[in-house]
Ligand code: FE
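Quick look at the structure:
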């Protein structure tokens, strides 16, 4: 049970709220994989860091599945044949506090999965069983016009990179940093975004 009420989240407690998810609900749920969702997100961030990604992309990797825990749709809806749209829930949770370079790859990571499965058969066959089962609920393969539109949008490369680290981050034997390791990075991005938002409102 979380100690946080989602309605009470603000810039001062958002990182504590996220940490609470990693420590409690995220480490207790597996969503059909061999790693917990917390392990999975930490390994995704590790993959981003090892690839030399920017801080924004490491944060996007770290937080990409956080929407499973900040969602009006039940996590169990996936088991009941309904997409829980966790990518939207996660992006909506984070959008007031983090830059678009963090939020948009999260919002589009399911689109990126559909895209990669469509354009690369080798990616489709590498999907975990759970991810394959969810693909259909998430819209299945893309139509050619969807492929074109996805390739044209501003965060295309970031979305694809994130989804590649995502699928590789499911190894129960792999060691990875704990959430604490990423806290300074999140705090810096949060402060940077607050500065930009303040400047923006002063100008407008
Ligand atoms: Fe994931």
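Numbering (our numbering), first residue to last: 1025 to 1228.
We treat Cβ as the ideally placed atom computed from N, Cα and C, and that holds for glycine.
Please report the distance separating the alpha-carbon of residue i from that of residue j.
| i | j | result |
| --- | --- | --- |
| residue 1037 | residue 1167 | 41 Å |
| residue 1226 | residue 1196 | Note that residue 1226 scores a pLDDT of 49, beneath 50, so its modelled location is shaky and nothing firm can be said. |
| residue 1159 | residue 1134 | 9 Å |
| residue 1061 | residue 1153 | 15 Å |
| residue 1035 | residue 1118 | 10 Å |
| residue 1163 | residue 1031 | 30 Å |
| residue 1138 | residue 1178 | 17 Å |
| residue 1145 | residue 1222 | 45 Å |
| residue 1147 | residue 1074 | 20 Å |
Assuming residue i is part of the alpha helix (DSSP H), what are its boundary residues?
| i | result |
| --- | --- |
| residue 1065 | 1061 to 1074 |
| residue 1110 | 1110 to 1118 |
| residue 1121 | First-last for residue 1121: undefined, no H or E at that position. |
| residue 1158 | 1153 to 1161 |
| residue 1201 | No alpha helix (DSSP H) contains residue 1201, which DSSP labels as neither H nor E. |
| residue 1135 | 1133 to 1143 |
| residue 1168 | 1168 to 1176 |
| residue 1050 | 1049 to 1052 |
| residue 1028 | Segment: none, residue 1028 is in no alpha helix (DSSP H) and carries neither H nor E. |
Below 8 Å between beta carbons: does that hold for residue i and residue j?
| i | j | result |
| --- | --- | --- |
| residue 1218 | residue 1125 | no |
| residue 1085 | residue 1071 | yes |
| residue 1089 | residue 1110 | yes |
| residue 1198 | residue 1058 | no |
| residue 1045 | residue 1209 | no |
| residue 1080 | residue 1123 | yes |
| residue 1214 | residue 1093 | no |
| residue 1130 | residue 1087 | yes |
Would the beta-carbon of residue i be found less than 7 Å away from any heavy atom of the ligand FE?
| i | result |
| --- | --- |
| residue 986 | Residue 986 cannot be examined here, being either before or after the span of the chain that is shown, 1025 to 1228. |
| residue 1179 | no |
Among all residues, which have a Cβ less than 6 Å from at least one non-hydrogen atom of the ligand FE, and in what chain order do they fall?
1064, 1088, 1089 and 1190
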